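*Asks:* Counting in the working numbering, the sequence shown runs from 221 upward without gaps.
Every residue gets a Cβ at the ideal spot worked out from N, C-alpha and C, and that includes glycine.
Here the structure is a predicted model, which means the values were calculated and not measured.
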Amino acid sequence: MNKKTIKNLAKAVVHSGVNVQEGEEVLVISSVYATELTREVVKLCYERGAKRVRVDYRDDALDRLDYEYQSTETLTSKPKFVYDERNYFADVDGCVINIICEDPNNLKHTDAAKITASRRADMIGLTPYYDKAMSHKIKWSIIAYPHPDWATLMFPDLDEDEAYKKLGKYIAKTTRVDCDDPIAEWKKHSENLSRRCRKMNEAGIKRLHYKNKLGTDLYVGLPDGYVFAGGAEDCNGVTFNANMPTEEIFSAPDCNNVDGVVKASMPLCYNGKIIKGIELKLEHGVIVEYKAKTNADVLKGIIETDDGAKRLGEIALVPYDSPISKLDTLFYETLFDENASCHFAIGRAYPTCVKGGDEMTKTELDAIGINDSNVHVDFMVGTKDLEITAETVDGKTLKIFENGNFTKDFD
């Protein structure tokens, strides 16, 4: 990436992403491969008035060695200080920036059971952080930087240098930083997503029906007071963009009111394992059957994490003609692939997807069908022929998606 693109990426995530305010503390989770971007991000945070900026560097090779040599018992009984740092930033209402830069195949040959157990323990250890992050009580944002092994996986027909450059261009394009004013571009984009949210929220939808030729035939109930969100979110009166890129508007289903079959339209890269051919059958909200063509044991580990992992926690609408989809490229990274396709998430829901949910207790959220779990895993279901129709509370039938895209009434 050239210097201008790196500066624009930093501007996007610091200004439009977490929107750093005077006196805030910032945690940057990054990779040893992304030092140039990380330094620019830290510099901009301080220029915006950050009180303290802490960088936590990660290394794929070290992660792999931990899984290879540590026992499952060691991986699941980490000392408290491992989690204290991120929980601290949640406690002081800080900002968290996550720079993704890794090899999707890094843990390809690692014991899936070890990975699942370790990540499950991490979710529990980071409960204070995730409780605040998913309720939008702290600001957080994710952005990406090219990694050489990620690039060659995506573009196997190119040599490493050309593949790396191409991935950099794709990241710049999809994050809207290949321009002179990325902050203005993000403002415009957020306004467009907010318009779609308003139309969905005003429609009074009771249930959605997803159907395509791939085999998805699924009815998804929405809770009373559902909220579709997307683009800029609000945290204590300050706007932020959590995902960069983002093309989705999303809400939470009534986790007790989902019935039918759903088939993934794209592979899912999860903890270094690529799961292909995901198919789920749900009855009264519960996943009663599931299968996958590859790494079915990893899918099993996700769904059997806890009771909440047997239900859905998010529904997201993304037009088939989104900028990322038009690239016709599998990124092997959910941050990008989920923004090329409508998707669902297994597990935890965002409390903010129902009116007043950010102030409700877990018991109150459970009573209205807002799912809770120690996992939140997105998988893609959008196709060129996907149709989504809505039943409203006053008995109307509305066409939301046709031929994979929003109809003109909801665009």
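Please indicate yes or no: does the CB of LEU438 lie closer than 8 Å to some heavy atom of the ligand GDP?
*Replies:* Among the ligands in the structure shown, none appear at all, so the ligand GDP cannot be discussed.
*Asks:* In whole angstroms, what separates the C-alpha of ASN625 from that of ALA452?
*Replies:* What you label residue 625 is simply residue 405 of the sequence shown in a count that begins at 1. What you label residue 452 is simply residue 232 of the sequence shown in a count that begins at 1. Rounded to whole angstroms, ASN625 to ALA452 spans 22 Å at the Cα level.
*Asks:* Classify HIS367 as buried or exposed, calling it buried when 16 or more other Cβ atoms lie within 10 Å of its own Cβ.
*Replies:* What you label residue 367 is simply residue 147 of the sequence shown in a count that begins at 1. Counting Cβ neighbours within 10 Å, HIS367 comes out buried, since at least 16 surround it.
*Asks:* Touching or not, the region 456-469 and the region 437-444, by the rule of three or more beta carbon pairs under 8 Å?
*Replies:* The region 456-469, when compared against the region 437-444, does not touch it at the 8 Å Cβ threshold.
*Asks:* Could you give the distance in angstroms between the alpha-carbon of GLY497 and the alpha-carbon of GLY602?
*Replies:* The count along the sequence shown starts at 1 and reaches residue 497 at position 277. The count along the sequence shown starts at 1 and reaches residue 602 at position 382. Rounded to whole angstroms, GLY497 to GLY602 spans 14 Å at the Cα level.
*Asks:* What separation, rounded to the nearest whole angstrom, lies between the Cα atoms of ALA371 and ARG284?
*Replies:* The residue you call residue 371 lines up with position 151 of the sequence shown. The residue you call residue 284 lines up with position 64 of the sequence shown. For ALA371 and ARG284, the distance between alpha carbons rounds to 19 Å.
*Asks:* For MET600, which beta-bridge partners are listed by DSSP?
*Replies:* Numbered from 1 along the sequence shown, position 380 holds the residue referred to as residue 600. In the DSSP output, where bridge partners are listed per residue, MET600 has HIS563.
*Asks:* Please report the straight-line C-alpha distance between ILE319 and GLY237, rounded to a whole angstrom.
*Replies:* Position 99 of the sequence shown, counting from 1, holds the residue named residue 319. Position 17 of the sequence shown, counting from 1, holds the residue named residue 237. Approximately 12 Å, taken between the alpha carbons.
*Asks:* Who are the near neighbours of VAL234 in its chain, counting only those whose CB is closer than 8 Å to its CB and skipping five residues on each side?
*Replies:* Within the sequence shown, the letter at position 14 stands for residue 234. Contacts found: VAL240, VAL261, LEU264, CYS265, ARG268 and ILE317.
*Asks:* Do the region 355-362 and the region 296-313 meet, that is, are 3 or more Cβ pairs less than 8 Å apart?
*Replies:* With a cut-off of 8 Å, the region 296-313 and the region 355-362 count as touching, because enough Cβ pairs lie within range.
*Asks:* Would you mind reading off the limits of the alpha helix (DSSP H) that contains HIS409?
*Replies:* Residue mapping note: residue 409 aligns to position 189 of the sequence shown, counting from 1. 402-422 is the span of the alpha helix (DSSP H), which, as asked, contains HIS409.
*Asks:* Could you pull out every residue in the same chain whose Cβ sits closer than 8 Å to the Cβ of ASP286, ignoring the five residues on either side in sequence?
*Replies:* For this step, residue 286 is matched to residue 66 along the sequence shown. Closer than 8 Å at Cβ, skipping near neighbours: LEU295.
*Asks:* Whole angstroms is fine: what's the gap from ILE469's alpha carbon to ASN421's?
*Replies:* Here residue 469 corresponds to residue number 249 of the sequence shown, with the count starting at 1. Here residue 421 corresponds to residue number 201 of the sequence shown, with the count starting at 1. Their backbone Cα atoms lie some 11 Å apart in a straight line.
*Asks:* Can you tell me whether DSSP reads ARG340 as helix, strand or coil?
*Replies:* Locating residue 340 in the sequence shown gives position 120, where the first residue counts as 1. Reduced to three states, the DSSP call for ARG340 is helix.
*Asks:* Exposed or buried, what is CYS399 when buried is set at 16 or more other beta-carbons lying within 10 Å of its beta-carbon?
*Replies:* Here residue 399 refers to the residue found at position 179 when the sequence shown is read from its first residue. It counts as exposed.
*Asks:* Using three-state DSSP, classify LEU618 as helix, strand or coil.
*Replies:* Within the sequence shown, the letter at position 398 stands for residue 618. The answer is strand: DSSP assigns LEU618 an E or B state.
*Asks:* Taking LYS298 as the reference, which of HIS596, ASP527, GLY567 and ALA341 has the closest Cα?
*Replies:* Against the sequence shown, residue 298 aligns to sequence position 78. Cα-wise, what sits closest to LYS298 is ALA341.
*Asks:* GLU382 to THR549, Cα distance in whole Å?
*Replies:* By one-based count along the sequence shown, residue 382 stands at place 162. By one-based count along the sequence shown, residue 549 stands at place 329. So the alpha carbons of these two residues sit roughly 16 Å apart.
*Asks:* Kindly indicate which residue of PHE448, ARG568 and ASP454 has the alpha-carbon position closest to the one of ILE523.
*Replies:* Here residue 523 is taken as the residue at index 303 of the sequence shown, counted from 1. Checked all of PHE448, ARG568 and ASP454; the closest Cα to ILE523 is ARG568.
*Asks:* At which residue ranges does the region 230-287 contain complete beta strand (DSSP E) runs of 3 or more residues, listed in the order of the chain?
*Replies:* Counting whole runs of 3 or more residues, the region 230-287 contains the beta strand (DSSP E) stretches 245-251 and 272-278.
*Asks:* Would you report the Cα separation of ALA472 and LEU555, rounded to the nearest angstrom?
*Replies:* The count along the sequence shown starts at 1 and reaches residue 472 at position 252. The count along the sequence shown starts at 1 and reaches residue 555 at position 335. If I take the Cα positions, the gap works out to 18 Å.
*Asks:* In terms of alpha-carbon separation, which member of ARG259, ASP557, ALA536 and LEU282 lies closest to VAL273?
*Replies:* Reading the sequence shown from its first residue, position 53 is the one you call residue 273. The option with the nearest alpha carbon to VAL273 is ARG259.
*Asks:* Can you tell me whether LEU282 is buried or exposed, with buried defined as 16 or more other CB within 10 angstroms of its CB?
*Replies:* Position 62 of the sequence shown, counting from 1, holds the residue named residue 282. The residue is exposed, with fewer than 16 neighbouring Cβ atoms inside 10 Å.
*Asks:* Given this structure, state the Cα-to-Cα distance separating PRO376 from ASN412, to the nearest angstrom.
*Replies:* One-based indexing of the sequence shown puts residue 376 at position 156. One-based indexing of the sequence shown puts residue 412 at position 192. Cα to Cα, the separation comes out at about 35 Å.
*Asks:* Suppose the cutoff is 7 Å on Cβ atoms and the five residues either side in sequence are ignored; what does the same chain contact list for MET354 look like?
*Replies:* Residue mapping note: residue 354 aligns to position 134 of the sequence shown, counting from 1. ARG568, TYR570 and PRO571.
*Asks:* Going by beta-carbon coordinates alone, are GLU553 and CYS455 separated by less than 9 Å?
*Replies:* Here residue 553 refers to the residue found at position 333 of the sequence shown. Here residue 455 refers to the residue found at position 235 of the sequence shown. Contact flag unset, no.
*Asks:* Just the C-alpha distance for ALA449 and TYR289, rounded to the nearest angstrom, thanks.
*Replies:* The residue labelled residue 449 in the question sits at position 229 within the sequence shown. The residue labelled residue 289 in the question sits at position 69 within the sequence shown. If you take the alpha carbons of ALA449 and TYR289, they lie about 42 Å apart.
*Asks:* Sort out for me which residues DSSP pairs CYS315 with in a bridge.
*Replies:* The residue labelled residue 315 in the question sits at position 95 within the sequence shown. For CYS315, which the question treats as bridged, DSSP gives the partners VAL246 and LYS359.
*Asks:* Are the region 583-599 and the region 403-417 touching by the rule of at least three beta carbon pairs closer than 8 Å?
*Replies:* Touching, no, given that fewer than three Cβ pairs across the two stretches are closer than 8 Å.
*Asks:* Taking its Cβ as the centre, do 16 or more other Cβ atoms sit within 10 Å of ARG416, making it buried, or is it exposed?
*Replies:* For the purposes of this step, residue 416 is taken as residue 196 along the sequence shown, with counting starting at 1. So ARG416 counts as buried.
*Asks:* Tell me which residues share the same chain as LEU346 and place their Cβ nearer than 7 Å to its Cβ, disregarding the 5 neighbours each side in the sequence.
*Replies:* Counting from 1 along the sequence shown, the entry for residue 346 is found at position 126. Taken in chain order, the residues that qualify are TYR303, ARG306 and ASN307.
*Asks:* Counting along the chain, where does the alpha helix (DSSP H) carrying GLY521 start and finish?
*Replies:* Taking the first residue of the sequence shown as position 1, residue 521 is located at position 301. Taken as a continuous stretch (DSSP letters only), the alpha helix (DSSP H) holding GLY521 covers 516-523.
*Asks:* What is the rounded straight-line gap between the Cα of PHE630 and the Cα of PRO539?
*Replies:* Here the question's residue 630 lines up with position 410 in the sequence shown. Here the question's residue 539 lines up with position 319 in the sequence shown. Those two C-alpha atoms are separated by around 11 Å.
*Asks:* Of the residues VAL275, SER291 and TYR390, which one's Cα is nearest the Cα of THR225?
*Replies:* Mapped onto the sequence shown, residue 225 falls at position 5. Per the Cα distances, TYR390.
*Asks:* Counting only the same chain and skipping the five closest in sequence on each side, list residues whose C-beta sits under 7 Å from that of GLU503.
*Replies:* In the sequence shown, residue 503 corresponds to position 283, counting from 1. Here the set comprises ASP479.
*Asks:* How about LEU387 and ILE608: are their beta carbons less than 9 Å apart?
*Replies:* Residue numbering aside, residue 387 sits at position 167 when the sequence shown is read from its first letter. Residue numbering aside, residue 608 sits at position 388 when the sequence shown is read from its first letter. No; because the gap between Cβ atoms is not below 9 Å, this pair is not in contact.
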